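Under the numbering used here, the residues of the sequence shown are numbered 979 to 1709, in order. Think of the CB as a built atom: it goes at the ideal place given N, C-alpha and C, for glycine as much as any other residue. Owing to the predicted nature of the structure, the values given are computational and were not obtained by experimental measurement. First the structure, in the form of structure tokens, and then the observations on it.
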Amino acid sequence: MMLKKAQILNFTKLYRFGQPFKTAAVVCPVDGSAFEPVNTIDGMAMAFREGGIALTISLSPSDRVFGLGETIGALNKRGKKYRLYTTDDPVHTPGKENLYGSHPFVLAGSALTNPFGFFIDYPSEICLDIGFTNHNVMEVAIPSMNFDIYFFSATGRTLTFMEIVKEFLLLTGAPYCPPKWGFGYQQSRWSYPDAKSVAETASRFRKEGIPCDAIYMDIDYMDNFKVFTIDEVKFPDFQTFAGMLKKDGFRLIPIIDPGVKIEDGYGVYEEGRRRGLFCEAKDGSFFKAAVWPGLTHLPDFLNPETRRWWGGLCTRFLDMGIEGFWLDMNEPSIFYTPAAIHEVFNLVDEMKGNPDIPKRRLQDMLNKLSNNRAYFREFYHRTPSGGRVSNEEVHNLYGTLMTEAVADGFITNMPGRRYFLLTRSSYVGLHRYAAIWTGDNMSWWEHMLAHIRMLMSLNMAGVFYTGADIGGFGSDVSPELMIRWMQLGVFSPLFRNHSAFGTRRREPWAFDGQAFDIMRDTIKLRYALIPYAYSEFMRSVRELSPFIRPLMFDFDCRFDVEDQFMYGSSIMAAPVLLPNATGRYVLLPTVSWLYCRALRHDKWAVSVIPQGVHYIDCPLCMTPFFIKENSIVTLSEPVNYVGEREIEVLRAVAFVTETASFTYYDDDGLTDGYKKGVYSTLQINIVSSGGQYAITIMAEGPRTTKIKRIDFEIYGRNAGLCRCSRQLPNQ
Ligand code: MIG
């Protein structure tokens, strides 16, 4: 075995086994001469097993283990097994070991033991047993001798979890930033299948006065599921249609699937075949996999030429007014292969003639038909050096490379502009150029908690902008669950209502008058909070610190709370996650909190609650959240869509016992000028002394702020309210 080590960044050691596959996860350059040969890894025991390596790390009783991005299960990963192998599994029950993404980044420790972390840069299966077999042992099995491990630890001082995440992001790059309209509400459904249903949905939002920024187009917009086509019967003159919607503040977001239908005369298929851009079977023919269009070829995204081709195909939609896509099925998902379905046909034939064959055999065979692990060993990618590599060996990169292709298409075709891009499958590094949604959850109360845990874990992995299908994708939702999930959606960076065909409709107007009113106001609250959320999100991106965090990251390490989270640095969200509940328990860490129950976006009941555990009331009609002592939240009147009009008046709600400050941020919301410092800020400070508040506001930055006035609502120790306004001098 060849193992070498190099010290990089501030407190990262890179251990390199053999010759790792270059995944592009890491952006920080590694100087080859910095390596020295070693034969152990600090803090880990190593064993060789079945052609690979098993690493064991001992855990002390107080250690918490976080990370792994998109997984099912608790936020603290201890006590479960995980398998990092991207898969399309639409039933996220608690025992599931793998989902759509692979994020092999782990943080562990506590206040008592110095926190550490590691990232294993390896693009195929990694199995983790985190205190499952033995509570005090974490075992990581990698079936290869070629991979990199980045180990984050410091000697002589205690690292915080936040510092480890920041170091990880220095290593892997700054997070993706959607256009500002991405912070609006988004409506989706499988499907709005034609122009009529999209237009009706859009106009209903405006008619009912419900803000909305985007409408999604699921697979039925295509001609026979052929990627990059638009069914012209369902969507005649798509370009004019998209233009009309955009005038009304709606972006259309079409879905893109990787499988290219095998059909003579279909341009995308013919070009891909002619140029040899599809994955190959062992014998060198193009591999066949069945997905929505029937039999397809899978583009070989490992090949840079394929990626350029694909990016170009996507960006043809840009001329028609499209500024965003969602990329699905890119684990990749395979319904069956021709060989596998033939086995089924053969068995059925056999069964016809022989009643003694147990029916169970057919059931078993059907169960193994979708996404059988064997398929991924049967097709190959071209490597840059002209060789071939099986999908199995680089499996977890497929969706990420597809996403990179589309992102590069945007960057090349609209340089300097932000784009909107969601993917289902992901690997580390993807967070630099796209966001993910967390796939096919269900309308289960339990999946609201899964949503919250994923928001936190994905933020640790650098995916700051993310979210789950609000209301749950599969199965029917009750009005109560829908309302509670919308209340969580207010604090989900991606706030998208999406659901599967055949399930109960869940546009707000699909519910009765009272539920409808609550949902409309909940969405308005989301818009009212954008001046706060966007300021804090952009600060998180600049500072490489997660936008959404568990309490443990900001406060004391003992706070094992998984159903509350920090949303920026002033707000803690504590959604209600149980049916029939009119309240819930909350843990209020370290300071006092202003409990806000928003009955309407502009009408809140507030009270000051001291640190500790409390049962708080929270009727269904109210969105609960907390403002931290000595902090400020900025709001505005909701608009119908982001950018409808300039925000000129801010409302600042503050809870101040000593001093509080907040940096309000704004930019054009559409370009990446923010990377070059083209934005405006207002530095707002409030100092409390002797029952009075001294307010200072300082404008900074090259862009002039449009804010003319700030209306303050400042709450003191006993929730006593002081209202005042400040005009901003013309700039
Ligand atoms: O096999 O395009 O996760 O959001 O609506 C299902 C149809 C395919 C899965 C996605 C879901 C989408 C659905 N897709």
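Reduced DSSP category for Met1022 - H, G, I as helix; E, B as strand; rest coil: strand
If you follow the beta strand (DSSP E) that Asp1689 is part of, which residue opens it and which one closes it? Arg1687 to Tyr1693
When you compare the CB positions of Ala1268 and Ile1231, do they come within less than 9 Å of one another, or not? no
Which residues in the same chain have their Cβ closer than 7 Å to the Cβ of Ser1585, if we skip the five residues on either side of it in sequence? Tyr1573 and Ala1697
Between Thr1218, Glu1458 and Tyr1510, which has its C-alpha nearest Pro1486's C-alpha? Glu1458
By Cβ distance, which residues of its chain are closer than 8 Å to Ser1703, with the 5 residues on each side in sequence left out? Arg1687, Ile1688, Asp1689 and Phe1690
Three CB pairs or more closer than 8 Å across the region 1286-1304 and the region 1345-1365: no
Do Arg1536 and Ala1089 have their C-beta atoms closer together than 9 Å? yes
Can you tell me where the alpha helix (DSSP H) with Asn1391 in it begins and where it stops? Tyr1376 to Asn1391
Skipping 5 residues on each side, what residues in its chain have a beta carbon closer than 6 Å to that of Phe1183? Cys1190
Rounded to the nearest angstrom, what separates Pro1557 and Trp1423 at their Cα positions? 7 Å
Return yes when at least one heavy atom of the ligand MIG lies under 8 Å from the C-beta of Tyr1448, else no. The sequence shown places Ile at residue 1448, not Tyr. No, since every heavy atom of the ligand MIG falls outside the 8 Å radius drawn around the Cβ of Ile1448.
Tyr1642 beta carbon less than 9 Å from that of Leu1660: yes
How would you label Phe938, buried or exposed, when you count the other beta carbons within 10 angstroms and need 16 or more for buried? Past the boundaries of the shown model lies residue 938; the chain is included only from 979 to 1709, so the question cannot be answered.
Grab the span of the beta strand (DSSP E) containing Lys982 for me, first residue to last. Leu981 to Ile986
DSSP three-state call for Arg1462: helix, strand or coil? helix
Which residues DSSP lists as bridging Asn1475, in chain order: Gln1165 and Ile1448
How big is the Cα-Cα spacing for Lys1224 and Phe1489? 27 Å
What did DSSP end up calling Asp1334 once you bin it into helix, strand or coil? coil
Exposed unless 16 or more other CB atoms sit within 10 angstroms - verdict on Gly1021: exposed
Quick check on this structure: which residue in Gly1387, Gly1394, Ser1080 and Thr1034 has the alpha carbon closest to the alpha carbon of Gly1047? Ser1080
Confirm the yes/no value for this check: CB of Ala1086, any heavy atom of the ligand MIG, distance under 8 Å. no
Excluding sequence positions up to five away, which residues of its chain have a Cβ less than 7 Å from the Cβ of Pro1310? Pro1236, Leu1276 and Tyr1376
The ligand MIG and Gly1417: does any heavy atom of the ligand fall closer than 8 Å to the residue's C-beta? yes
DSSP on Ser954, reduced to helix/strand/coil? Look at the range of the chain in this structure, 979 to 1709, and you will see that residue 954 is not part of it.
Write down every uninterrupted run of the alpha helix (DSSP H) in the region 1270-1304 whose length is 4 residues or greater and which is fully enclosed by it, in chain order. 1282-1293
Is Pro1068 near the ligand MIG, judged by its Cβ being under 8 Å from some heavy atom? yes
What is the DSSP secondary structure of Ser1368, reduced to helix, strand or coil? strand
Am I right that Ile1031 and Phe999 are in contact with their C-beta atoms under 8 Å? What's the rounded C-beta distance? The Cβ separation is near 15 Å, so there is no contact.
From Arg1167, Trp1159, Trp1463 and Ile1662, pick the residue whose C-alpha is nearest to that of Ile1610; which is it? Ile1662
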